[in-house]
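S.K.: Per this note's numbering, the very first residue in the sequence shown carries number 8; after that it's consecutive. Even glycine gets a Cβ: it sits at the ideal position worked out from N, Cα and C. Since the model is a prediction, treat every value here as computed from it, not as a measurement.
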Amino acid sequence: MTGGLGEGAGRSALRRVVEGMRADPEVLAEVVAAARTASDPVAALPEPEVRRHIAALLGVVSAAFVDGSGLSRQHAELVARLATDRAAQGVSLGALLDGFLAGRTAALRIIAARLDLADVTSTVLFESLIELDAYVGELQNQLVAAYREAAASLAGSRSARLLALRAVLVHGAVEQLAAAGLAADGVYHCAVAESGDPVQVRRAAAELTPRGGVSGLVEGRLCVVAPRGVVAPRGVVAPRGRPAGDLAADVLLVTAPAVPAGRLPAAYRLCRAALDAGRRRGRTGRAGLAELAVVVAVDAVPGMGELLAVELLAALDPGNATHRLLAETAAAHLDHGGRLASTARALHVHPNTVKHRLRRFAEATGCDPARFGAGPGRFADTACWRWALEHWLG
Numbered sequence: 008m009t010g011g012l013g014e015g016a017g018r019s020a021l022r023r024v025v026e027g028m029r030a031d032p033e034v035l036a037e038v039v040a041a042a043r044t045a046s047d048p049v050a051a052l053p054e055p056e057v058r059r060h061i062a063a064l065l066g067v068v069s070a071a072f073v074d075g076s077g078l079s080r081q082h083a084e085l086v087a088r089l090a091t092d093r094a095a096q097g098v099s100l101g102a103l104l105d106g107f108l109a110g111r112t113a114a115l116r117i118i119a120a121r122l123d124l125a126d127v128t129s130t131v132l133f134e135s136l137i138e139l140d141a142y143v144g145e146l147q148n149q150l151v152a153a154y155r156e157a158a159a160s161l162a163g164s165r166s167a168r169l170l171a172l173r174a175v176l177v178h179g180a181v182e183q184l185a186a187a188g189l190a191a192d193g194v195y196h197c198a199v200a201e202s203g204d205p206v207q208v209r210r211a212a213a214e215l216t217p218r219g220g221v222s223g224l225v226e227g228r229l230c231v232v233a234p235r236g237v238v239a240p241r242g243v244v245a246p247r248g249r250p251a252g253d254l255a256a257d258v259l260l261v262t263a264p265a266v267p268a269g270r271l272p273a274a275y276r277l278c279r280a281a282l283d284a285g286r287r288r289g290r291t292g293r294a295g296l297a298e299l300a301v302v303v304a305v306d307a308v309p310g311m312g313e314l315l316a317v318e319l320l321a322a323l324d325p326g327n328a329t330h331r332l333l334a335e336t337a338a339a340h341l342d343h344g345g346r347l348a349s350t351a352r353a354l355h356v357h358p359n360t361v362k363h364r365l366r367r368f369a370e371a372t373g374c375d376p377a378r379f380g381a382g383p384g385r386f387a388d389t390a391c392w393r394w395a396l397e398h399w400l401g
């Protein structure tokens, strides 16, 4: 880069690049990926939560550089809120900085790549990047200071109990059950919900948690451990349509059956897997672990779905819209326990339409979903066909 543009033009070119990056979803995705790759605790958080924080930080640095006014009081308050969220979520300062520095490097590489063809002298580019990086460094210092302040304020007895709960569930440290407020010989339910706003989650936790239970943010998700069933919150619709609590209406809440305290880590891991699998499929509301067991298995062994689809659905063409409609109907019929009326309501069609589609699906594949539910191998047959359809429908 040895062109002849002066300092003003060089900075203008960099300003345009920075402004463009702020609104570019591909830039955000790349920086988020870098942060999550560099820090396992950050990667364990819900991806939308990481994206929300990084988008805010990119916006702060971009505004400070583009306006030339430095970091404002409003920027400092935003950074403090983000740091407090991470501290409340149990992300260590080291893990937070690992993700921050990886994102910083990724952003600077993107800037360099986008300026590679610009007619800007190396000297001007270097000076501009130094100015930009100075804002990033100041942001990092504010982030560290805010995190330490938040961590100190969270160091009370309740926070100590939450730290112990995290150790039990995430690391299997069952020797800390008592410190978490749980009896070693007790029997407990575990429930996990995803939510991006820690303030909202803290409000919901009090309402969700029955007497004798403990709750808090574990790996960025609301977790409740209680000796009896979790109370459904107003924002989450229970299975029979009962309105419930303070979580957003699009939140999925996964609940596990009661298990001995020593098995809580395993129950938590299964709830986490079920939550992730359910969210990938657009599930919301409240779901028992058993309702999501098959999709957890499907996600755990993706290669099996591919092989089953090859064997069972070879007659169907994924590019054929009619074939996709038949497959979707068959999958819905299996999901609704083979009940024709329920399937028709879910698909918003007449029951006779469902019958017609199932008949055509049977003619093409040799499988009649309407006949499932009888015989000793009914569960295995249903699971195999549903697994194959899950993969085939993609």
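Let's see if you can read the secondary structure: which residues bound the beta strand (DSSP E) around G223?
M.R.: Working through the sequence shown from its first residue, we reach residue 223 at position 216. Start and end: V221 to V225.
S.K.: Identify whether V25 lies in helix, strand or coil by the three-state DSSP scheme.
M.R.: Along the sequence shown, one-based indexing puts residue 25 at 18. Of the three classes helix, strand and coil, the one that applies to V25 here is helix, per DSSP.
S.K.: Taking the straight line between their C-alpha atoms, what separation do you get for G373 and H330?
M.R.: In the sequence shown, residue 373 corresponds to position 366, counting from 1. In the sequence shown, residue 330 corresponds to position 323, counting from 1. Rounded to the nearest angstrom, the two C-alpha atoms are 14 Å apart.
S.K.: Excluding sequence positions up to five away, which residues of its chain have a Cβ less than 7 Å from the Cβ of A187?
M.R.: Within the sequence shown, residue 187 is the residue found at index 180, counting from 1. R168, A171, L172, V175 and V221.
S.K.: According to the neighbour-count rule (16 or more other Cβ atoms, all chains shown, within 10 Å of its Cβ), is I137 buried or exposed?
M.R.: Taking the sequence shown and counting its residues from 1, the one referred to as residue 137 is at position 130. The residue is exposed, with fewer than 16 neighbouring Cβ atoms inside 10 Å.
S.K.: Between L115, R29 and V131, which has its C-alpha nearest A20's C-alpha?
M.R.: Counting from one through the sequence shown, the residue named residue 20 turns up at place 13. The shortest Cα separation from A20 among L115, R29 and V131 belongs to V131.
S.K.: Using the Cβ count rule (16 or more neighbours within 10 Å means buried), how would you classify H82?
M.R.: Translated into the one-based positions of the sequence shown, residue 82 becomes position 75. Buried.
S.K.: Just how far apart, CA to CA, sit D306 and A284?
M.R.: The residue given as residue 306 occupies position 299 in the sequence shown. The residue given as residue 284 occupies position 277 in the sequence shown. Using only the alpha carbons, I get a separation of about 7 Å.
S.K.: Using 8 Å as the cut-off, can you tell me whether the stretch 36 to 55 makes contact with the stretch 94 to 107, which would need three or more C-beta pairs spanning the two stretches below that distance?
M.R.: yes
S.K.: Below 8 Å on the Cβ atoms is my contact criterion, and I expect V232 with C197 to pass it. Report the Cβ-Cβ distance as a whole number of Å.
M.R.: Stepping through the sequence shown from its first residue, residue 232 is reached at position 225. Stepping through the sequence shown from its first residue, residue 197 is reached at position 190. Right, the Cβ-Cβ distance comes to about 5 Å (below 8 Å), so this counts as a contact.
S.K.: Going by Cα to Cα distance, which pick from A158, V25, A51 and P55 is closest to A36?
M.R.: Looking up residue 36 in the sequence shown gives position 29. Ranking A158, V25, A51 and P55 by Cα distance to A36 puts P55 first.
S.K.: Nearest-angstrom Cα distance between L314 and N327?
M.R.: Translated into positions along the sequence shown, residue 314 becomes position 307. Translated into positions along the sequence shown, residue 327 becomes position 320. Each residue's Cα considered, the two are about 20 Å apart.
S.K.: Using 8 Å as the threshold, is the stretch 265 to 282 in touch with the stretch 294 to 306, meaning 3 or more CB pairs across them?
M.R.: yes
S.K.: Tell me the rounded alpha-carbon separation between L122 and R116.
M.R.: Taking the sequence shown and counting its residues from 1, the one referred to as residue 122 is at position 115. Taking the sequence shown and counting its residues from 1, the one referred to as residue 116 is at position 109. Distance between the alpha carbons of L122 and R116 is about 10 Å.
S.K.: Below 8 Å between beta carbons: does that hold for A71 and Y142?
M.R.: Counting from one through the sequence shown, the residue named residue 71 turns up at place 64. Counting from one through the sequence shown, the residue named residue 142 turns up at place 135. Yes, the pair counts as a contact, with Cβ atoms nearer than the cut-off.
S.K.: Using the Cα positions of H178 and V39, report the straight-line distance between them to the nearest angstrom.
M.R.: Start at 1 with the first residue of the sequence shown, and residue 178 comes out as number 171. Start at 1 with the first residue of the sequence shown, and residue 39 comes out as number 32. In a straight line, the C-alpha of H178 is about 25 Å away from that of V39.
S.K.: So, helix, strand or coil for H398, using DSSP?
M.R.: Residue mapping note: residue 398 aligns to position 391 of the sequence shown, counting from 1. Helix at H398.
S.K.: What are the start and end residues of each continuous alpha helix (DSSP H) run of 4 or more residues lying completely inside the stretch 269 to 315, in chain order?
M.R.: 271 to 287 and 300 to 307
S.K.: Within this structure, are the beta carbons of A153 and A87 separated by less than 8 Å?
M.R.: Here residue 153 corresponds to residue number 146 of the sequence shown, with the count starting at 1. Here residue 87 corresponds to residue number 80 of the sequence shown, with the count starting at 1. It is a contact, given that the beta carbons lie within the stated cut-off.
S.K.: Could you give the distance in angstroms between the alpha-carbon of S160 and the alpha-carbon of V68?
M.R.: One-based indexing of the sequence shown puts residue 160 at position 153. One-based indexing of the sequence shown puts residue 68 at position 61. Those two C-alpha atoms are separated by around 27 Å.
S.K.: Would you kindly report the start and end of the unbroken alpha helix (DSSP H) that includes H196?
M.R.: Taking the first residue of the sequence shown as position 1, residue 196 is located at position 189. Not the alpha helix (DSSP H): H196 falls in the beta strand (DSSP E), residues V194 to E201.
S.K.: In the DSSP assignment, find the unbroken beta strand (DSSP E) run with V131 in it and report its ends.
M.R.: As a first step, residue 131 must be located in the sequence shown, where it is residue number 124. Counting along the chain, no beta strand (DSSP E) covers V131; the unbroken alpha helix (DSSP H) around it starts and ends at S129 to S160.
S.K.: Alpha carbon to alpha carbon, how far is R22 from A62? Give it in angstroms, no decimals.
M.R.: Within the sequence shown, the letter at position 55 stands for residue 62. Within the sequence shown, the letter at position 15 stands for residue 22. Cα atoms of A62 and R22: separation of roughly 18 Å, rounded to the nearest angstrom.
S.K.: Could you check if R364 is buried or exposed, using at least 16 other CB atoms within 10 Å of its CB as the buried criterion?
M.R.: Translated into the one-based positions of the sequence shown, residue 364 becomes position 357. Classification of R364: buried, given that the 10 Å Cβ count is 16 or more.
S.K.: Could you please give me the residues that DSSP links to C230 through a beta bridge?
M.R.: Working through the sequence shown from its first residue, we reach residue 230 at position 223. DSSP output for C230 lists V199 and G223 as bridge partner(s).
S.K.: Compute every distance between the C-beta of R279 and the non-hydrogen atoms of the ligand NAP, then say whether any falls below 7 Å.
M.R.: For the ligand NAP, the structure offers nothing, since it holds no ligand at all.
S.K.: Identify whether V258 lies in helix, strand or coil by the three-state DSSP scheme.
M.R.: Position 251 of the sequence shown, counted from the start, is the residue given in the question as residue 258. Three-state result, V258: coil.
S.K.: How would you write the range of the alpha helix (DSSP H) that Q81 sits in, first residue to last?
M.R.: The count along the sequence shown starts at 1 and reaches residue 81 at position 74. Per DSSP, Q81 belongs to the alpha helix (DSSP H) from R80 to A95.
S.K.: If you drop the 5 nearest sequence neighbours on each side, which residues of the same chain put their C-beta closer than 7 Å to that of A6?
M.R.: Only positions 8 to 401 of the chain appear in the structure, and residue 6 is not among them; the question remains open.
S.K.: What are the start and end residues of each continuous alpha helix (DSSP H) run of 4 or more residues lying completely inside the stretch 28 to 83, in chain order?
M.R.: 32 to 45, 47 to 51 and 54 to 74
S.K.: Around the C-beta of G27, are 16 or more other C-beta atoms found within 10 angstroms, so that it is buried, or is it exposed?
M.R.: Walking along the sequence shown from the start, residue 27 turns up at place 20. Its Cβ having fewer than 16 others within 10 Å, G27 is exposed.
S.K.: On the CB-based measure, 16 or more other CB atoms within 10 Å of its CB, does G312 come out buried or exposed?
M.R.: For this step, residue 312 is matched to residue 305 along the sequence shown. Answer is buried; the Cβ neighbour count reaches 16.
S.K.: May I ask you to report which of helix, strand or coil DSSP gives P358?
M.R.: Counting from one through the sequence shown, the residue named residue 358 turns up at place 351. Note: P358 maps to helix in three-state DSSP.
S.K.: Is D92 buried or exposed, if buried means 16 or more other CB atoms sit within 10 Å of its CB?
M.R.: By 1-based counting over the sequence shown, the position of residue 92 is 85. So D92 ends up on the buried side.
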